[in-house]
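Engineer:
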Amino acid sequence: MKSTLKIVIAIVAIAIIIGAVAAYVYTQPSQATIDITGAGATFPQPFLNATIVSYSSIKPNVQINYQGVGSGTGINSLINKHADFAASDAPLNSNQTTYLPNTLHIPETIGAVTLAYNLPGVSSGLQLTGDVIAKIYLGTITNWNDPAIAALNPTLTMPDHAITTVHRSDSSGTTNIFTKYLVAESSDWSTQVGAGTSVQWKGTNAVGAKGNSLVASTVTTSQYAIGYVELAYALANHMTVASVKNPAGNYIAPSLASTITAVQSVATGLPSGAQSWASVSLLNAPDAQAYPIVSFTYIIINKDLSVVSSGTGMDLDRANALVQYIWYVVHDGQSLAANLGYAALPANVVAIDETSIRSVTFNGQALTVG
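All residue numbers for the sequence shown refer to the numbering used here, where the first residue is 32 and numbers rise by one.
#1: Whole angstroms are fine: how far does the CA of P77 sit from the CA of L314?
#2: Tell me the DSSP secondary structure of A182 in three-state form.
#3: Where V391 and N80 are concerned, what is the direct C-alpha to C-alpha distance, given to the nearest angstrom?
#4: Helix, strand or coil for N124? Go by DSSP, reduced to three states.
#5: At the level of alpha carbons, what is the spacing between I83 and I95?
#6: Does the separation of the CB atoms of L266 and G156 fall below 8 Å?
#7: Rounding to the nearest angstrom, what Cα-Cα distance links L245 and N92 in this structure?
#8: Kindly provide the ranges of any beta strand (DSSP E) runs that are 3 or more residues long and lie completely inside the region 248 to 322, ordered along the chain.
#9: DSSP on V400, reduced to helix/strand/coil?
#10: I need the boundaries of the alpha helix (DSSP H) containing L367, first residue and last residue.
#11: Quick check: the Cα distance between Q98 and L213, rounded to an integer number of angstroms?
#12: Quick check on the burial criterion: 16 or more other C-beta atoms within 10 angstroms. Buried or exposed for D191?
#13: Considering Cα atoms alone, identify which of L131, N126, N124, S125 is closest to F116.
#14: Whole angstroms are fine: how far does the CA of I332 sit from the CA of V325?
#15: Quick one: what does DSSP say Y97 is sitting in, helix, strand or coil?
#16: Whose C-alpha, out of S87, G152, G71, is nearest the C-alpha of L123?
#17: Since L353 is in the alpha helix (DSSP H), which residue starts that stretch and which ends it?
#18: Considering only residues of the same chain and omitting the five flanking positions on each side of Q62, which have a CB-CB separation below 7 Å?
#19: Pairs of beta-carbons, one from the region 202 to 219 and one from the region 182 to 191, closer than 8 Å: are there three or more?
#20: Quick test of the definition: if touching needs 3 or more C-beta pairs under 8 Å, does the region 196 to 208 touch the region 228 to 246?
#21: My parser needs the alpha helix (DSSP H) runs of 4 or more residues fully inside the region 204 to 246; what are they?
#22: Using the rule of at least 16 other Cβ atoms within 10 Å of the residue's Cβ for burial, across every protein chain shown, is D120 buried or exposed?
#23: Check whether the Cβ atoms of D318 and A288 sit closer than 8 Å, and answer yes or no.
If you want it as structure tokens, here you go:
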């Protein structure tokens with residue numbers, strides 16, 4: 032009888048404890064939601080989206096809204112205090128730095144720009160040089176069976192059909208990478224068009240599309256078209272892409288492996304996050320197996336995040352949440368890169384990023400990272 036009474040008392044005591052704990056948990060306020068807004072490049076958007084989804088499982092109260100609107104629009108959003116951070120494949124130029132004088136470039140991943148094509152009768156194997164690509168986009172080469180293309184592809188039967196070139200209609204870091212490559216490959220392109228996030232496109236059969244995703248879909252749905260898209264979009268859309276001749280004379284297909292090879296051979300002697308990255312280039316890496324059109328892409332933030340507080344409502348909690356998310360991107364988030372066709376950051380770049388992130392403040396107050 033006594034043992035039964037003891038069991039009953041114990042059960043009652045446990046029930047009281049459980050009830051008290053449940054009541055305590057129930058009455059505690061839930062952790063406040065922190066909203067962070069970013070805008071910019073579509074080049075890294077698949078990677079950034081993946082990190083956002085992954086990070087939300089770790090910090091469910093931090094909601095990150097990233098809009099892929101193009102590098103130029105993203106930078107303007109940061110200038111106008113409509114975004115907490117920007118993403119751009121093109122480092123800030125001197126004019127943009129005038130409006131954003133105290134910013135940091137934080138490389139977050141590395142990708143390749145592919146030449147994707149939709150060519151009936153040619154399901155694979157197209158080879159191109161930088162000079163021929165430039166002539167196609169200049170409108171000097173207008174037909175797929177042009178002798179210059181045929182000479183590069185002796186085993187293929189090129190169709191007698193006009194070429195449709197697809198380009199970015201918005202201010203684009205992908206365009207900046209692509210046109211910088213063409214400047215290096217073609218004196219005609221250099222003098223007639225040049226490089227930048229927006230350029231004056233040539234040719235009579237040129238079509239503009241906004242963002243990497245729309246360029247990809249335009250090429251996919253337009254026979255005899257060619258367009259430049261980031262590798263992740265080419266992979267996601269199962270696009271056929273050209274092999275491009277590199278400085279060693281080899282025709283290299285864009286891939287994760289050939290992107291990593293390019294990075295390993297040139298990603299040295301880099302500036303700090305607070306310095307200009309305008310002269311940094313991963314194009315035309317010297318390794319014989321490197322794909323020639325490869326680039327960093329960057330998160331750009333104000334070194335003191337209170338600068339955007341009047342426009343975005345940034346406060347100390349949001350500032351801490353933002354730098355912690357960026358810390359995650361350049362560390363654990365790198366494990367998500369390869370499956371999407373991006374190259375993970377080398378250790379020396381991560382070290383630069385760590386110093387940059389640790390230097391960010393809010394109204395002069397140090398933030399919590401790591």
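A virtual CB, placed ideally from N, CA and C, is assigned to each residue, including glycine.
Structural biologist: According to the data block:
#1: Rounded to whole angstroms, the gap between the alpha carbons of L314 and P77 is 22 Å.
#2: DSSP, reduced to helix, strand and coil, places A182 within a helical segment of the structure shown.
#3: Rounded to whole angstroms, V391 to N80 spans 23 Å at the Cα level.
#4: Judged by DSSP in its simplified three-state form, N124 adopts coil rather than helix or strand.
#5: C-alpha separation (whole angstroms): 7 Å.
#6: No, the pair does not count as a contact, with Cβ atoms beyond the cut-off.
#7: Cα to Cα, L245 sits roughly 32 Å from N92.
#8: Runs of the beta strand (DSSP E) lying entirely within the region 248 to 322, each at least 3 residues long, are 256 to 261, 274 to 276 in chain order.
#9: Reduced to three states, the DSSP call for V400 is coil.
#10: Secondary structure note for L367: it is in no alpha helix (DSSP H), with a DSSP letter that is neither H nor E.
#11: Between the alpha carbons of Q98 and L213 lies a distance of about 28 Å.
#12: D191 is exposed by the Cβ-count criterion.
#13: It is L131.
#14: The straight-line gap separating the alpha-carbon atoms of V325 and I332 is approximately 23 Å.
#15: Strand at Y97.
#16: Ranking the options by Cα distance to L123, first place goes to G71.
#17: Segment 347 to 361, the alpha helix (DSSP H) holding L353.
#18: Apart from the 5 residues on each side of it in sequence, Q62 sits with its Cβ closer than 7 Å to the Cβ of N92 in its chain, given in chain order.
#19: The region 202 to 219, when compared against the region 182 to 191, does not touch it at the 8 Å Cβ threshold.
#20: Touching, per the Cβ criterion.
#21: For secondary structure counted as the alpha helix (DSSP H) over 4 or more consecutive residues, the region 204 to 246 holds these complete runs in sequence order: 204 to 216, 218 to 223.
#22: Buried is the call here.
#23: No.
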